[in-house]
Every structure is written in C-alpha cells, then in structure tokens.
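Participant: Below you will find the structure I want to go over with you.
Protein chains: 2
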Amino acid sequence: MDTRISLLDSAERAVRQRGFDGFSYADLSKEIGIRKASIHYHFATKADLGFALIERYAERFFATLADIRNSGGSAAEQLRSYIQIYRDALAEGEQVCLCVALSAGRDSLSTEVLDQLNRFHAESIAWLTEVFERAAQDGSVSGCALPIEDASAALALVEGAQLLARARKDVSLFNQGVAALIARLATHPVH
Amino acid sequence: MDTRISLLDSAERAVRQRGFDGFSYADLSKEIGIRKASIHYHFATKADLGFALIERYAERFFATLADIRNSGGSAAEQLRSYIQIYRDALAEGEQVCLCVALSAGRDSLSTEVLDQLNRFHAESIAWLTEVFERAAQDGSVSGCALPIEDASAALALVEGAQLLARARKDVSLFNQGVAALIARLATHPVH
DNA sequence: GTCTATAGACTGATAGAC
DNA sequence: GTCTATCAGTCTATAGAC
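The listed protein sequences derive, respectively, from chains A and B.
Sequential numbering from 1 applies to the first sequence in the working numbering.
Sequential numbering from 1001 applies to the second sequence in the working numbering.
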C-alpha cells in the first residue's frame, strides 16, 4: 500500500470529523501504524499536509462535477446529483465536507490552503451558475432568480445544512434543509 | 469592570474568529491582563467556559428574535431583520456566529455544549417556521413551500453564507448568498 | 522510508501564598 | 480574586542511526 495515500485518507477523515486543529500526527501514527516522525518524511509540516488534502479533494470533487455536467441530464437532475454529493459526504452525520471543515477552522490556516479553499468555492459557484443558466432554458427548476444568486444560495445551503446535520449527528436535518430546493426541481424530463 | 464578563467577551471573539480549539487561556490572559491561573477561578475548565459562552449567546439571540417578533412587522420585514443579524455577526468577514464556529469545531465538545447548540438550532427553526406561517397569510414572501422546510433552509442558508464570506474575509459573498432569498421578500407593507 | 530519541513550545489544570 | 510556581501531557518538528 502507498503510505502517503493512507496518510491522506486518514487525515481527511480526521479533519472532516474533528477539524484541522482537532487531529495530530500522533493520531495518524496510531491509525496507520507508523511512527510520528516518519510522517514528516511524507509531509514535512502539517500545513503541507493540509495543502495536499484540499488539493486532492478539489481534484476529485471537480472531476465528479464534470461527470455530472457531461451526463447530459436536465438542470434539475444535475442539481439533484450535486445535493447528493453533500448528503453522501455527511456519512451518517459524523463528518462534513472537507471545505466546510476547513472554512470553520482556525483562521491561521496557511495562505496557500485558504487560497485553495476560495478557489473551491469560486469554481463551485461557477459550475452551479452554469446549471441555473441551463435551468432558465430547460425550465426544469422553478422559482429561479439570477443564476449567480441561485448558485451562491445553493452552495451556502448545502454547506449550512451539513453544519446543522453534524451538530445533531442526524442526516434528516440535512434533508429538511434542502427539501425546499428539491421541491423546486422537476421530477420528469422537461422535453 | 466585571472580570467574568471581560473573559466571556474576549473568549467569544476568539471562538468566532479561530474556533474553540483555536484559543487558549494564555490568549485570554494576555488580552484582559490577568494571569492564566486566575481564569480558572471564574471557569474551572475550558468546557465550563464553552457552556457559559453559548448559554449567554443563546439568551441574547432569542431576546433579539422575540423583539423582532413583537415589532409586528410583516413576515418579510422580520426575515430581513433576521438576515441582518447574521450579516452584522460577520464583522467584516472576520468572524462567524458563535454557533457556526462551534458546529464546525471539534466533535468532542462537551455533551452539554452540544445540547445547547442543538437547542439553539431547534429554537431558531421554530421561530422561522412561525415567520413563514405568517408569510403564508400576509403574502409578503413569494415562492413559499412548507413553513418548516423554508425555515430549515433559511437557517442553513445564513449559516452557510457566513462560511463562504469568512473564507474570503468578504461580506459581499454573504450578500450574494442571501440575495435570492431577499428577492422573495416584499418591499412594501402588504396590508 | 522508517526508526529512536529528543527538543522546545504550548496546553489545560492544580497547590498554596497573599 | 489574583498571584507565583509547577505539573503532566500534548503538540509540531528535527537529528541521526539503520
């Protein structure tokens, strides 16, 4: 097995459960069975580890979004898929998405990590804006305003709904939070 | 001056800027000019401090919500006031609301703090549900679904929008996130 | 690449004088 | 109520052997 990947996997789970300040090299050490000092061979500093985490995360995430876009479904179908990603990320209410975990953490994340975080938000809004622009044409989403405003609201909504669900360790709170948005989505192909 | 109150003020600012794990008794010590050990006289453990923080916060918050309810404005006006509380709490994008800060922090907050946090969410949704029920009657909010779903969405939205704004230290991202909701609010008295 | 050993700083918390 | 002094534990990080 690749130790570096095991470390990233373990660290990602830890950040999403307990925050960036909520786990240590000692935790990773125990979990994957390697000494603390050896971790520094793979990630010289914890900031480096943080950067690698969000870099890998963004790559995976936007690959998934590209797949959804290319699937050719209606805007409503694509939004449903988008929401599902955030619901899955909750993992029974134990975790939040990596970006929610980092957004809310210490404000002394390294500048590089913060930049990646803002890039993640910007690209998410750009992707969602395209979806809502398509919605204005295919009519599969009701009650639309300006695409960029709908997009920003959708991102804020899924991230906020994760926060609520995690506090109570209960996915149904996430579902309740996104229910009004889902109710706006057409359930049948529009044409 | 009351030392206990100074400590609470200082700690609240710290939590909202850096998270519960992001500040220490040493930080408070420097800020208010008292020795670390003396803080333990007022709050025996950090968990006790956390509990006092959210207790005071919830009290203040729900007193404000009660004022808004009693002001007798339309549902739209009351929602605008509600959103304004969250915008104000951002303080130039440097801070988030205490509950956002705690929701996203370590999952080993004491059970008591977690209970208070969930009580806060539940009461917020209850207050907002009443507002959306009134909206169904006074017609001052367009595009409504089920009151409880609109309420949950509104809470998730303002909390999520704070997350986005704070990551970029830019309140305009908050405004962009809530713009679509604000667009649904009638700007003139409905009757 | 992984190990042992350790540095140096910081953490929350306690004992006991004033 | 606030102080000095100190504790045991944790943290990230480094040096150097294997």
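Just so it is clear, CB atoms sit at the ideal spot from N, CA and C, and this is done for glycine as well.
Note that the structure is a prediction, hence the values are computed from the model and not measured.
#1: Taking the alpha carbon of A:Y86 as the point to measure from, which residue in A:A151, A:S6, A:H121 and A:F174 has its own alpha carbon closest?
#2: Unbroken alpha helix (DSSP H) runs of length 4 or more, entirely within the segment 1005-1073 of chain B: which are they?
#3: Anything in the segment 11-23 of chain A with a Cβ closer than 8 Å to a Cβ of chain B? List those residues in chain order, please.
#4: Could you please give the first and the last residue of the uninterrupted alpha helix (DSSP H) stretch that includes B:G1160?
#5: I need the DSSP call for A:L185, collapsed to helix, strand or coil.
#6: Quick check on DSSP: helix, strand or coil for A:V96?
#7: Could you confirm whether any beta carbon from chain B is found closer than 8 Å to the beta carbon of A:S103?
#8: Going along chain A, which residues have a C-beta under 8 Å from B:L1164?
#9: Measuring alpha carbon to alpha carbon, tell me which residue in A:G105, A:S110, A:V100 and A:L181 is nearest A:S142.
#10: Below 8 Å on C-beta distance, what does A:V100 contact in chain B?
#11: Grab me the residues of B:Q1017's own chain with a C-beta within less than 7 Å of its C-beta, minus the 5 sequence neighbours each way, in chain order.
#12: Give the C-beta separation of A:L53 and A:A11 to the nearest angstrom, bearing in mind that I take them to be a contact with Cβ-Cβ under 8 Å.
#13: Where does B:E1077 land, buried or exposed, given buried means 16+ other C-beta within 10 angstroms?
#14: Verify whether the separation of the beta carbon atoms of B:V1158 and B:L1079 is less than 8 Å.
#15: Going by CA-CA distance only, name the one from A:I148, A:L155, A:G160 and A:P147 that's closest to B:A1151.
#16: So, is the C-beta of A:G177 closer than 8 Å to a C-beta in chain B?
#17: Check whether the Cβ atoms of A:S110 and A:A186 lie closer than 8 Å to each other.
#18: Tell me which same chain residues have a C-beta within less than 8 Å of the C-beta of A:C99, skipping the five on either side of it?
#19: For A:I5, count the other beta carbons within 10 Å of its own beta carbon; 16 or more makes it buried, fewer makes it exposed. Which is it?
#20: In angstroms, rounded to a whole number, what distance separates the CA positions of A:G33 and A:Y25?
#21: Would A:G143 pass as an interface residue toward chain B - the criterion being a Cβ-Cβ separation below 8 Å?
#22: With 9 Å as the C-beta to C-beta threshold (strictly closer), list the residues of the segment 1051-1083 of chain B near chain A in chain order.
#23: How would you call B:Q1176, buried or exposed, if buried means at least 16 neighbouring beta carbons within 10 angstroms?
#24: With a threshold of 8 Å on Cβ separation, who are the neighbours of A:T64 within its own chain once the five nearest residues in sequence on each side are excluded?
#25: Anything in chain A within Cβ reach of B:L1007, meaning under 7 Å, just list it in chain order.
#26: So which residues of chain B does A:A201 contact, with C-beta pairs closer than 7 Å?
#27: Using a Cβ cut-off of 8 Å (strictly closer), state whether A:A47 contacts chain B.
#28: Using the C-alpha atoms, what's the distance from A:R35 back to B:V1171?
#29: Do you know offhand how far A:T45's Cα is from A:F20's?
#30: Count the other CB atoms within 10 Å of the CB of B:Y1041; is the residue buried (16 or more) or exposed (fewer)?
Facilitator: A quick look at the data gives this:
#1: Reading the first sequence from its first residue, position 86 is the one you call residue 86 of chain A. Closest by alpha carbon: A:F174.
#2: 1025-1032, 1036-1042 and 1046-1070
#3: Q17, R18, G19, D21 and G22
#4: On the second sequence, residue 1160 of chain B is found 160 positions in, with the first residue counted as 1. Taken as a continuous stretch (DSSP letters only), the alpha helix (DSSP H) holding B:G1160 covers P1147 to A1167.
#5: Working through the first sequence from its first residue, we reach residue 185 of chain A at position 185. Note: A:L185 maps to strand in three-state DSSP.
#6: What you label residue 96 of chain A is simply residue 96 of the first sequence in a count that begins at 1. Looking at A:V96 - three-state DSSP - the assignment turns out to be coil, as it is neither helix nor strand.
#7: Here residue 103 of chain A refers to the residue found at position 103 when the first sequence is read from its first residue. Output row for A:S103: interface = yes.
#8: On the second sequence, position 164 is the one that residue 1164 of chain B refers to. What B:L1164 touches in chain A: S103, H121, S152, L155, A156 and E159.
#9: As a working mapping, residue 142 of chain A is identified with position 142 in the first sequence. Among A:G105, A:S110, A:V100 and A:L181, the Cα nearest to that of A:S142 belongs to A:L181.
#10: Residue numbering aside, residue 100 of chain A sits at position 100 when the first sequence is read from its first letter. Neighbours of A:V100 on chain B, chain order: A1104 and L1163.
#11: Reading the second sequence from its first residue, position 17 is the one you call residue 1017 of chain B. Answer for B:Q1017: E1094 and Q1095, listed in chain order.
#12: Here residue 53 of chain A refers to the residue found at position 53 of the first sequence. Here residue 11 of chain A refers to the residue found at position 11 of the first sequence. That belief holds up - the Cβ atoms of A:L53 and A:A11 are roughly 6 Å apart, short of 8 Å.
#13: Start at 1 with the first residue of the second sequence, and residue 1077 of chain B comes out as number 77. Counting Cβ neighbours within 10 Å, B:E1077 comes out buried, since at least 16 surround it.
#14: Within the second sequence, numbered from 1, the residue matching residue 1158 of chain B stands at position 158. Within the second sequence, numbered from 1, the residue matching residue 1079 of chain B stands at position 79. Not in contact: B:V1158 and B:L1079 (Cβ atoms no closer than 8 Å).
#15: Here residue 1151 of chain B refers to the residue found at position 151 when the second sequence is read from its first residue. Nearest C-alpha to B:A1151: A:G160.
#16: Here the question's residue 177 of chain A lines up with position 177 in the first sequence. So yes, A:G177 belongs to the interface.
#17: Mapped onto the first sequence, residue 110 of chain A falls at position 110. Mapped onto the first sequence, residue 186 of chain A falls at position 186. Not closer than 8 Å, so no.
#18: Position 99 of the first sequence holds residue 99 of chain A. Closer than 8 Å at Cβ, skipping near neighbours: I54, Y57, L117, F120, H121 and E159.
#19: Locating residue 5 of chain A in the first sequence gives position 5, counting from the first residue. A:I5 comes out exposed.
#20: In the first sequence, residue 33 of chain A corresponds to position 33, counting from 1. In the first sequence, residue 25 of chain A corresponds to position 25, counting from 1. Straight-line Cα distance between these residues: approximately 12 Å.
#21: Reading the first sequence from its first residue, position 143 is the one you call residue 143 of chain A. Yes, A:G143 counts as interfacial toward chain B.
#22: none
#23: Along the second sequence, one-based indexing puts residue 1176 of chain B at 176. When all chains shown are included, B:Q1176 counts as buried.
#24: As a working note, residue 64 of chain A is residue 64 in the first sequence. Closer than 8 Å at the Cβ level, and outside the excluded window around A:T64, lie I85.
#25: Here residue 1007 of chain B corresponds to residue number 7 of the second sequence, with the count starting at 1. Chain A residues near B:L1007: none, gap ~20 Å exceeds 7 Å.
#26: Because chain A spans 1 through 191 in this model, residue 201 of chain A falls outside it and cannot be assessed.
#27: Taking the first sequence and counting its residues from 1, one reaches residue 47 of chain A at position 47. It does not: the Cβ of A:A47 has no partner Cβ on chain B nearer than 8 Å.
#28: Numbered from its first residue, the second sequence carries residue 1171 of chain B at position 171. Numbered from its first residue, the first sequence carries residue 35 of chain A at position 35. Cα to Cα, the separation comes out at about 43 Å.
#29: Locating residue 45 of chain A in the first sequence gives position 45, counting from the first residue. Locating residue 20 of chain A in the first sequence gives position 20, counting from the first residue. C-alpha separation (whole angstroms): 13 Å.
#30: Locating residue 1041 of chain B in the second sequence gives position 41, counting from the first residue. Classification of B:Y1041: exposed, given that the 10 Å Cβ count is below 16.
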